[in-house]
Each structure stands twice: as C-alpha cells, then as structure tokens.
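Engineer: Protein chains in written order, with numbering that gives the first Met the number 0: chain A, 0 to 674; chain B, 0 to 126; chain C, 0 to 320.
What follows is a structure written as structure tokens; I'll ask about it next.
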Amino acid sequence: MRSVFAKEFRQNHLLVWVGFLLSAAIAVLYWAWTRNYVKTIQDERDLNAFCGIIVLLTTGVVVLVSTAGLFSIETTRGTLPFLLGLPVSRARIWLAKGLAGLAIAISSALLLIVPTSLVLPQIVKEIHFLLYLPDIVTGVLFLFSVTLFCSTVFQRVISVLLVTVIMLAVVLIGEALFLNSVAPILGYDDLFDFTLLSLFLVPAFLLASLFTFSRGELLMTRRKWGLAVFSLLVGILVVGFALYGVRSWMYRYQRSGVKALEAISLHGPFARSAVGGEPVLSLAVAGSPAPFQRDTDHGWVRGGGPYRSRHLVVIDLKTGREALVLPLRKNPGEREADASPDGRFYAQISQGVFGERRLSIWDLRSRRLVHGGMPKRLYGGEIYGLDWSPKGDFLALNVHYRRPARANGRGVMVDGESIYVMRPNGDVVKQIPLWEATPEREPDVYSYFVRWTWAPDGISLYTMRLDGHILRHRVSDGEAQKVWQPPVPDVSLPKGYFWWFNQLIVSPDGRWLVIRGVARTRPQTESSKNLSVTLVISSDGSRAVLISRDIATDLVWSGDRLFLTLFSRSSLSVHRWQPGEDRAVPVATLPLNPAIQKIASLEDGSLLIWGQKQAYLVDQRGKLAPLADPRMRNLPHDYWFLGLDSEGRVIAKNLRGTEIAAIDIKTGQLTKLYP
Amino acid sequence: MLNSIDPKSAMPIYLQIIGQIRRQVAAGVLAPGDQLPSVRELAAQLIINPNTAARVYRDLERDGLLETRRGQGTYISPTAAALAESERKSLVSEGMAEVVGEARSLGLSDDAILKLFREALGRRRSE
Amino acid sequence: MSDHGIRSEAVTENYAVVTHTLTRRFGRKLALDSVSARVSVGSIYGLMGPNGAGKTTFIRCLLNLINPTSGSGTVLGHDMVRDSVAVRRRIGHVAALQPLWEWMTVRELANFMAGCYPRWDQEAVKAVLSPVGIDPNDKIEELSRGQRTLAALAVAIGHQPELLLLDEALTGLDPISRREVLRNVIDVMHAENRTVLITGQDIADMERICDHVGFLIKGKLFWESTLDDLKARVKRIRIEHPSGPQPQVPVNALRVERAARETEFTVTDFTRDLVESLAAQGRRVEMLDLSLEDIFVDLASASGGLSAAGPSANAPMKVSA
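Structure below.
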C-alpha cells in the first residue's frame, strides 16, 4: 500500500501545476478587481469575508484540479487493470490514493497562502482570519470529498471537473436558498452551521466513493454508475432527513405552545391596517421550547437555547389573525421593527451573517418584500433608529457610514453619521448629515448624540444636539432651519457646566416642542448638581418656557396639554402644562409605591396611568381617580401595558408573555386576543 | 548443436529431437564424452517445454545413449559408439520400410521396387 | 470432449487453477459460459480461442478484476473471489499492450512492484532486461512495444510467482521479442511447482511450449487435455474408394470432405480399432496427423454444432498430464 501512496507523489502531476497557476491567476484577478474595495474595508468582519473568499477561490481551485485526476486518470491512461492486479485490496488502494490526494491538496492549498499573502497583506496582519480557518478547512474537505467521489465515478478528468463544479453550484445555491428561507426558521444563521452541514456530507461522499471503487467493476458499467449515484443520493437523503428531523424536533415552531411574546410596537388610533381596517399589533414570537432566560436589560423573558427561533408576527387585532409571519435573526435586542402608521408597510432592521444590518420593508397588503432583504450591505454602515413619518410616506433612520476620501494625498477612511429619509420602496430622498470625522476635523462631541423626531406634518424632522441646538429639516428642502438653541431662559449655567439635552418630543398639533436636559460638569460624569430642566419651545423657536426644574420621569402630550410625572421623596405627582402658562402645575399625586409602567393619553384628553399594580385615570380637569371597577384594580398587576387600540381598549400581555389581551378600562373586561 | 524442430509435424517434438540426436551420434557429430546442454538450456535454446526436454533426455538415457553425471551434467555415453552402428542400421531400415510401404500402396510390385533401389544405388556410386 | 461437471477425482490432483462452472455475463452477452477448467501445477497451459472467445475475461476473473456472474474457482488453493489478495500475491500476469505509467523508469516500476510483494528478486528482473538491452533507467515511454512487454514480464516475475498468466502477451511482437518472451517464460518453469497459463492465438508458439491445451469458443471450454493426447485423439482419416459405394463416416466426424474416389474426415476419438474397422471394409485407410492449428480449426468449426448438454457417449474424458 505504501507503494501506491508514494507513487501518487512521484506521478507527473501536471494537474497540480495547472491548478496552482489557475488559482494564482484567479487570486490576482480577484484582487485587481476588488483592489479599491479592499482599501475601503475597515470592518474586520468584511475583511474576514473578503479574505475568506479569496482563500476559498484559490485553495478551492487547486484542490479541485489536483484531486480530479486521482482515480479518473488511471482509467483514462488504462493503467487501472495493472493497479488492480496488485496484491492490494481495493479498499487499501482507495485509501492510499485518497490519503495521497488529500496530502497533495492540503499542501498545495497551504503553499498558496504564501502568494495569496503577498497579494493581500491584510491576511498576514489579520489575526482574526484564523477564526475562519475551521470553515476553510471544512470547505476544502468538502470540496475534496465531492471531487474524489466524482473522480471515482467518471472516467475523464474533464467530466470530473465539470460534474464537480455543477454539483458544488447546486449545493451552494441550495444552501443559499436554505439560508434565506428555511434556515432562519430552523435557526441556522451563520457560516458555522454550514460548516456543520458540510461536515455531515463529507463522510457521505467519501463512503460513496469507497463503495463505488470496491464494489464496482473494472470498467464503468452502467451498474456502477447506478450504484454510485444511488448510494450518494441515499446517503444525502438520509443525512438530510436526519438533520432536518433533528432540527425540526429541536426548534419546532409550536403555534399552540407559544412561549414568550414581546410586543415591538402597537399602533394606536393612527394606524389603519390594510388587513382589516384595524390597528395591527406586531409581536415577536419565540418558538423554542427551550428554557427561559430573563433578560434583565430589557425586562422581558425570552426563550433560551443556542439558536433561538424567533418570528415576527403581525396580528390583526380585530380578528386575532396573523397577518404576516417573518423569521427573525438572532440578537433580538438589536433588532428594530415598526409598521407604518397607515398600516401599509412594515420595516425591520435585522442583523445578518457577518453582523451587518439589513433593512427590510414589507408591503403588508401583498405580503411581499419591497426593499432589502438580501444579505448585502446597504448604505455601507450600521443602521438603527427606525422611525416612520406620521403620514406614512417616509421612513427615517440613522446610518453610520464609512467612505473613502483623500487627505494629504493619501487615501483615508472617513466616518460619519446621517439621517436617511427614504420612501417605503427604499429610495433615499434626503440625507441629513449629523457628524463626520475626517483626519483634519474631529466633530464636536455634542453632535455625536443627536435626538430627532418627525413633526406631525409628516414632511419635516426636528434634530436636537446634545447641547440643545434644534434644527428643523424639511424633506423637500435642502437647507435646515435653526429653531432654537441655549441659553435656557431663567437659568444660568454654572461655570464649568454644560447642557446635556436628551429628550425631544413634539406635540400632536405640531405647535410645541418639549425638551428635557441636565447640566453636567464634564462628559462621562454624573451631574454634580441637581440641575434638570424641562422646556417647552414653540415650533418656530420664538418662545421657550421653562416649565419645570424637577426630574420628570415621563412626558406625555394629550391634545395641546403636556403631562409630566415627577418623583419626589414620598410620592409621584402628575403635573400639567397648557399653552399660555409659564410653568407646569401639579394636578394629581400618586403614592410612590405603584411604579409607573406607562402613561398614555386617551382620546378624550384624559390620562391613563398604568402602574405595576394599579391603574389610574387623570381626567381633563386633572382629577385623579383609580379605575373603579374592581376587576381593573388588579389587572395591571398581571398585565403589561402595550398600547391602546382604536376603541380605547388597553392592549396588554401577561407577565409570562404567553398571551395578548384587550382590556376595556371602563368595564374591566378582558378579552384574549392571541394566540 | 542448435536443432530446428517443426512443431506442426506429425512427429511429436520430443521424438524429433531424439531423432536428431541419434542421427548426430550415428554420424559421429556427437562423440562419446561430449557434453550436452542441460534440460534448462536445451528448453531455452529450442524454446520448448522443459518437460519435453526432460523427456528427451530421459528416453535417451533409458536407451543408453546418454548418461548423467551428478553435479556435472549430461554427456554422450561411451556405449553410444557401439550403438552408433546399430543406430545407423536401424535408422536406415526404418526409412527403407517406409519407402517400401509407400511403393506398395502405389501398386508397385516387389520386383519394380528392387529395380528402383538398384538404380538409386547405381546413381550413388557414380557421384 | 471436455465434460461440464465437477469430477471428484480432481481433489487428488495438484492443480494451480480450478474453476467450477464459471460464468460471466455482460448485459446480454455471455462472455464465459459455465467454464470448468483445470490447470495442473507444473504445466504450461495454452488457452486458445478466437477473438471474443472469453480468454481475457477468464484471466480477469482469476485476478478478480471482475466478479463472475455465477460459478467459482480457486487459484493455488485460494478462492479467487474471497481471497483475491492472497491469489494476486502469488501470481504474476502480463497482458497484451497493457498501459503502464509512462513517466516511470523501468527501475521505478520495479521498485514500485517490489514494495507490493513480500519477496522480490531484483536479479531475476535484470536477467530478463539485460539480454535485450533494456536499461533500468529508461523511461517506459521510450521503450518499443516488444521492450514494454519484456519489461512488464520482468516485473511480473520479480516476486517469483508460482503461476504466471500471459494474456495475449505475444500479440503484435516482432519475432525477436517474441522469442525472448518465450525464452523467459520457459526459464520461469525451471523452478519447482511453477505453472504458466498462456492465452492467445499464436498457436504455432503454443504448440512448441504448451503441454496442456484448452479451447475456448464463444465462452465455452469445449476441449481440455494434454497436447499429446489431443494430437493422439484428433486425427484425420482418408479412405480411398476407387470403386464401390461411398463409405459411411462416423457420426461425430468433423470436416467431412467427399470426392469421387476418396473421402476424408477428422475424428476426435481416434483409435487403432477405428482404422481397422474402416479398413476391414476392404478399402485403403490412411491416418494423417494434424497440426495444432488444423485441429483447432476443425474443432472450432464444429463447436457451433456441439450441444452444451454434455459429452457424447463415446467421447474421451479430459485427461491431465
């Protein structure tokens, strides 16, 4: 057997040289083609992906070409009868050739790292590249096993190459489709899972190859072909079914056994769903029966397990039907999603394979994806802060980008962030620059954290920097209007202090802006003095009223009135401001115990305060009353406020997150909505 | 000493070789004491089955024409000379018997046959 | 004629190859049809037959390059399917125009083979190569056809195989190479218990060196005996009948040729009694010896008429040396 093994190395492997040259050529061509793009890569995940592709291309080609001739060349040259006439069992011959082929393939692949490194210096410096080594190794093994199998079955090297490439294309396309459609449901979400899948297929191909060679006849009779293909198909089917079965069993999506619900958004009176004219509620539904984990940061309960199978379900509140079911990615904490106020569209930001963010926009009526969805980088950076305009015409989100630029004659990368305003089909109609960091100019720290919000007219946005500079941007115009900036009236800022404004809310009629901020000594430290302000500013910026110096926990507009909840040592008081007044006046006081979960304004101008134990109502005149019905008393204890529907019912979910209910606050009646 | 054999001939190969060796002994080409090639060499030279070669030597040894000296080889035996004369005669008489049989089958009478023999003898002497 | 059944006497004999109703089918074509052959140890067995008779298929079955459809066989005592590796360890084979690895030198080929067998005699290999001037450093692609066959033969005998298979090895060789191949084959026989099985259509050469013969036609082995026996039993009879009726020829006579005053036919069961019985009718009877080629042609032409059912009543049995 050793003779057979050694012979493979001494054999005049023209194919290996061809493979080498071809791979080197491909590497050089690919590098030349993407040279400019490479320079722009800063994100190491992108870099890893790029290097991975180069390495896969080069090593893949050399493995493919050098392995293709392993068995088929003996048939082509006619030396197979001589080889099989030796006193070595066929299994041993197969093993000797297979090992030699593998050694040649791996050593050629390793040798290619050297010229590839010269072409891509980043590879040498990039340590994280090694993290992809397992994937590359399994990729090489997979390629080797497929080629080995084809080499055993087919007689001519050309046929082997052709069939192998076709088979690989089929497998890759299948895997890509699998990734996009089936995988998220089953929980496959990154390259590691593909590696596992490939690892299962490798022994299938190897065994099929061994079986074909040992059992087959001297020449490729039809029976041997049939045997080979049949054994492979059986192997793949068995492996595939086993895998599918295991996965399905582990991560089955049980409709009846919904384990954890988390509301992402609820659309109140503005929303008119296309599905039934009723507001829709979007929920995240976890289907994994695995044990729960309490997420202390977000306060909700979610299913555990290594691969979380999550779905986004858009539910029609009137019928309780699922209007749309979308698979979700991992890391639900990073994901955002929102339906447009008119209920026509649904936008979702998800995290992709290499951690890049994807924006997907669905048309709820046709249930089709109208923008995004494919795993390609959009906008070149991170995206977050999704917000639909109140009329539903536009969608705005933060985009953190990098772009190449030239400075001092050198190519550099420039960081920046903008607000992108786009139509539901993804067309960007306006970019509002927030900050940009170039080598010459560092943006000032205040512009790094910009709060922004839509105005109720649906065609303009307000942005507020950390230092309180407020601008108004019209979607149609180019220029931004200055609205307001400090100094804050009636307050003098002590020396060494600066303002830190962190909240901006527009009134529903669009006439007023309320902002809230604190004074701080330096960035990154807590305020030394308790200096907190709440200001109401007219939308044209002409008037600014300091309505409170206390720390308000919540600000809620109801009509043209603003309600503030303020903590004091022993109680929680509700304050109210109206246009014309110069400060917010207390209207109601609650005991401190019932922690406020949510304050919502009702259509009649009253205020609903949903505590964790009890609910309260503050009427138009400001009188506080707990909700009379005894049933209502305890509901907040068991139900988490999500929002109000068009009939003024409270939509809530139970604490365990396993059901959604509608509560009529007047009668206290609870109606289970979902599931 | 290389003899040619006709594998197609009616006569088996071993008999052909035996005949050739006998003729050579009778003619004095092979004298007593001459060494013959070994079985292996004979088979290789003539490209015949070694069994056949072995059979040749076995038969000749049985007839007393050859002797095998252990560790030394095969030689024409001393008695071969004595056999030579009887060999000659037996070879010729065999041939004569064949001719007579052939002539008779063609319908010649004995007298006619004798006449032909005499003619042949006469021819011989004048050469 | 050969018999198609298994003879129990076989176990007492010493055979290098024994097959029992070996059959091999390729799709609809029957390449080997219930072949029961016996090759005695120490013999040179010539398996003759026209193209496509199944000779190469037979050899391939012995080497287990292909599996028989049915039937079985043993080579040097090993089952040829189950112990095929053990079989190949003790036999060597040379096939006609067998492609070798062109890039190898003769030395490399020898070393390669040496690594596959338990014992190796490099001197024996050289003894085959040097008389024809093949340098071990020559690449196989540089060798002529005759030299290639000799090189293949050289490495085939390097491990001192007890059975040597030559499959049409003499085809297309120049006379010198052919002679060299035969010379080396005969040299192999010098050692104890060596057997050679040679297939082909070079009947003249086989006539020289074979002591056993087998005829394979259309997959059937319809004759197997020693060469002497074959020649003794298959003879041509000529009966002259210048006047009188045409004589009756035996039932199983082959290639019957009738002329006005003489009739010739070939018999496969010749005995002196037959001649005498024919001559008793007052006619002149002559027996003619046939060359192996003539015998082969006569038997081949008649094989189509032979039934596979079994030997005829007065047919002689298979004989071993």
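Glycine included, every Cβ here is placed at the ideal spot set by N, Cα and C.
These figures come from a predicted structure and were not determined experimentally.
1) Could you tell me whether any Cβ in chain C is nearer than 8 Å to the Cβ of A/L83?
2) Rounded to whole angstroms, what's the CA-CA distance from C/S242 to B/P11? Just pull it up for me.
3) Helix, strand or coil for B/K114? Go by DSSP, reduced to three states.
4) Taking its Cβ as the centre, do 16 or more other Cβ atoms sit within 10 Å of B/Q71, making it buried, or is it exposed?
5) Applying a beta-carbon distance threshold of less than 9 Å, which residues of chain A neighbour C/A94?
6) Measure the CB-CB distance between C/F264 and C/V255 and report whether it falls below 8 Å.
7) Nearest to A/G68 by CA position, among A/L634, A/A99 and A/F640, is which residue?
8) Nearest to A/E73 by CA position, among C/D204, C/R235, C/Y14 and C/P98, is which residue?
9) Using C-beta distances below 6 Å, list every residue in its chain close to A/A395, excluding the 5 sequence neighbours before and after it, in chain order.
10) Would you say A/V505 and A/A551 are within 8 Å of each other, going by their C-beta atoms?
11) Run through DSSP, which three-state label would C/N313 get?
12) Taking the continuous alpha helix (DSSP H) assigned at C/R37, which residues delimit it?
13) So with CB distances below 8 Å, who are the chain C contacts of B/K7?
14) Can you tell me where the alpha helix (DSSP H) holding B/N50 begins and where it ends?
15) Does the distance from the CB of A/V145 to the CB of A/F153 come in under 8 Å?
16) How do the region 444–459 of chain A and the region 420–430 of chain A stand: do at least 3 beta-carbon pairs fall below 8 Å, yes or no?
17) Is B/S104 close to chain C, meaning its C-beta is less than 8 Å from at least one C-beta of that chain?
18) Using a Cβ cut-off of 7 Å, pull out every chain B residue sitting near C/I43, in sequence order please.
19) I'd like to know whether the C-beta of C/P98 is nearer than 8 Å to at least one C-beta of chain A.
20) If you draw a straight line from the C-alpha of A/T58 to the C-alpha of C/M103, how long is it?
21) Taking the Cβ atom as the reference point for each residue, do A/P423 and A/W434 lie within a distance shorter than 8 Å?
22) Out of curiosity, what's the CA-to-CA distance linking A/A624 and A/Q613?
23) Does DSSP put C/S242 in a helix, a strand or coil?
24) Does the separation of the CB atoms of C/L220 and C/M47 fall below 8 Å?
25) Under 7 Å Cβ to Cβ from C/D137, same chain only, skipping five residues before and after it: list those, please.
26) As a quick exercise: from C/L181, C/F295 and C/L164, pick the residue whose alpha carbon is nearest that of C/L229.
27) Is it true that the CB of C/M79 sits closer than 8 Å to the CB of C/G72?
28) Grab me the residues of B/A54's own chain with a C-beta within less than 6 Å of its C-beta, minus the 5 sequence neighbours each way, in chain order.
29) In terms of residues, what are the limits of the alpha helix (DSSP H) holding C/L226?
30) Classify A/I165: buried if its beta carbon has 16 or more other beta carbons within 10 angstroms, exposed otherwise.
31) How big is the Cα-Cα spacing for A/L94 and A/I235?
32) Note down, in chain order, each residue of its chain lying with its Cβ closer than 6 Å to the Cβ of C/H131, except the 5 sequence neighbours on either side.
33) Measure the alpha-carbon distance for A/R301 versus A/L209 and round it to whole angstroms.
34) Could you tell me whether the region 77–92 of chain C touches the region 157–169 of chain C, using the rule of 3 or more Cβ pairs below 8 Å?
35) What are the residues of the region 158–192 of chain C that lie near chain B, defined by any Cβ-Cβ distance shorter than 7 Å?
36) DSSP three-state call for A/F344: helix, strand or coil?
Structural biologist: Once the coordinates are examined:
1) The sequence position of residue 83 of chain A within the first sequence is 84, counting from 1. So, interface residue.
2) If you number the third sequence from 1, residue 242 of chain C lands on position 243. If you number the second sequence from 1, residue 11 of chain B lands on position 12. Rounded to the nearest angstrom, the two C-alpha atoms are 35 Å apart.
3) Stepping through the second sequence from its first residue, residue 114 of chain B is reached at position 115. Of the three classes helix, strand and coil, the one that applies to B/K114 here is helix, per DSSP.
4) The residue labelled residue 71 of chain B in the question sits at position 72 within the second sequence. Looking at its Cβ environment, which holds fewer than 16 other Cβ atoms inside 10 Å, B/Q71 is exposed.
5) The sequence position of residue 94 of chain C within the third sequence is 95, counting from 1. Per Cβ cutoff of 9 Å: P80, F81 and G84.
6) Indexing the third sequence from 1 puts residue 264 of chain C at position 265. Indexing the third sequence from 1 puts residue 255 of chain C at position 256. For C/F264 and C/V255, yes; Cβs fall inside 8 Å.
7) As a first step, residue 68 of chain A is located in the first sequence; it is residue number 69 there, counting from the start. Between A/G68 and the set A/L634, A/A99 and A/F640, the nearest pair of CA atoms involves A/A99.
8) Position 74 of the first sequence, counting from 1, holds the residue named residue 73 of chain A. A/E73 has its Cα closest to that of C/P98, out of C/D204, C/R235, C/Y14 and C/P98.
9) On the first sequence, residue 395 of chain A is found 396 positions in, with the first residue counted as 1. Excluding sequence neighbours, A/A395 sits near D386, I418 and V420.
10) Counting from 1 along the first sequence, the entry for residue 505 of chain A is found at position 506. Counting from 1 along the first sequence, the entry for residue 551 of chain A is found at position 552. Their beta carbons are not under 8 Å apart, which means A/V505 does not touch A/A551 by this criterion.
11) Here residue 313 of chain C refers to the residue found at position 314 of the third sequence. Confidence is the limiting factor: at C/N313 the pLDDT is only 31, short of 50, which leaves the residue's position unreliable, though a coordinate-based value still follows. If DSSP states are grouped into helix, strand and coil, C/N313 belongs with coil.
12) Counted from its first residue, the third sequence places residue 37 of chain C at position 38. In this chain, C/R37 is not harboured by any alpha helix (DSSP H); it is covered by the beta strand (DSSP E) spanning R37 to S39.
13) Residue 7 of chain B sits at position 8 when you count from the first residue of the second sequence. Result: A203, E206, S290, L291 and E292.
14) Within the second sequence, residue 50 of chain B is the residue found at index 51, counting from 1. Here the alpha helix (DSSP H) through B/N50 covers P49 to R61.
15) On the first sequence, residue 145 of chain A is found 146 positions in, with the first residue counted as 1. On the first sequence, residue 153 of chain A is found 154 positions in, with the first residue counted as 1. In this structure, A/F153 does not lie closer than 8 Å to A/V145 by Cβ.
16) Segments in contact, no.
17) Taking the second sequence and counting its residues from 1, one reaches residue 104 of chain B at position 105. Answer yes: the Cβ-Cβ gap between B/S104 and chain C drops below 8 Å somewhere.
18) In the third sequence, counting from the first residue as 1, residue 43 of chain C sits at position 44. Within chain B, the residues near C/I43 are N48.
19) In the third sequence, residue 98 of chain C corresponds to position 99, counting from 1. Output row for C/P98: interface = yes.
20) The count along the first sequence starts at 1 and reaches residue 58 of chain A at position 59. The count along the third sequence starts at 1 and reaches residue 103 of chain C at position 104. C-alpha separation (whole angstroms): 29 Å.
21) As a working note, residue 423 of chain A is residue 424 in the first sequence. As a working note, residue 434 of chain A is residue 435 in the first sequence. Against a cut-off of 8 Å, the Cβ pair of A/W434 and A/P423 comes out as no contact.
22) As a working mapping, residue 624 of chain A is identified with position 625 in the first sequence. As a working mapping, residue 613 of chain A is identified with position 614 in the first sequence. Their backbone Cα atoms lie some 11 Å apart in a straight line.
23) Residue 242 of chain C sits at position 243 when you count from the first residue of the third sequence. Of the three classes helix, strand and coil, the one that applies to C/S242 here is coil, per DSSP.
24) By 1-based counting over the third sequence, the position of residue 220 of chain C is 221. By 1-based counting over the third sequence, the position of residue 47 of chain C is 48. In this structure, C/M47 does not lie closer than 8 Å to C/L220 by Cβ.
25) Here residue 137 of chain C is taken as the residue at index 138 of the third sequence, counted from 1. Result list for C/D137: T104 and V105, in chain order.
26) On the third sequence, position 230 is the one that residue 229 of chain C refers to. Nearest option by C-alpha distance: C/F295.
27) The residue labelled residue 72 of chain C in the question sits at position 73 within the third sequence. The residue labelled residue 79 of chain C in the question sits at position 80 within the third sequence. The answer is yes: Cβ separation under 8 Å.
28) Translated into the one-based positions of the second sequence, residue 54 of chain B becomes position 55. Inspection of the sequence shows that residue 54 of chain B is occupied by Arg rather than by Ala. Excluding the 5 residues flanking it on each side, B/R54 has same chain C-beta neighbours closer than 6 Å at Y13, in chain order.
29) Locating residue 226 of chain C in the third sequence gives position 227, where the first residue counts as 1. Looking at the DSSP string, the run of the alpha helix (DSSP H) that includes C/L226 is L226 to R232.
30) Walking along the first sequence from the start, residue 165 of chain A turns up at place 166. Taking all protein chains in view, the Cβ of A/I165 is surrounded by fewer than 16 other Cβ atoms within 10 Å, so the residue is classified as exposed.
31) As a working mapping, residue 94 of chain A is identified with position 95 in the first sequence. As a working mapping, residue 235 of chain A is identified with position 236 in the first sequence. Approximately 22 Å between the Cα atoms of the pair.
32) Residue 131 of chain C sits at position 132 when you count from the first residue of the third sequence. This sequence places Val at residue 131 of chain C; His is not what is there. Listed in chain order, the non-local C-beta contacts of C/V131 below 6 Å within the same chain comprise L149 and E179, local neighbours out to five positions each way being set aside.
33) If you number the first sequence from 1, residue 301 of chain A lands on position 302. If you number the first sequence from 1, residue 209 of chain A lands on position 210. Since pLDDT at A/R301 reaches only 37, below the 50 mark, its modelled position is unreliable, and no value is offered.
34) In short, these stretches touch, since the Cβ pair count reaches three.
35) Legend: CB atoms of the region 158–192 of chain C lying less than 7 Å from CB atoms of chain B belong to residues R178, L181, R182, I185, D186, M188 and H189.
36) The residue given as residue 344 of chain A occupies position 345 in the first sequence. Strand.
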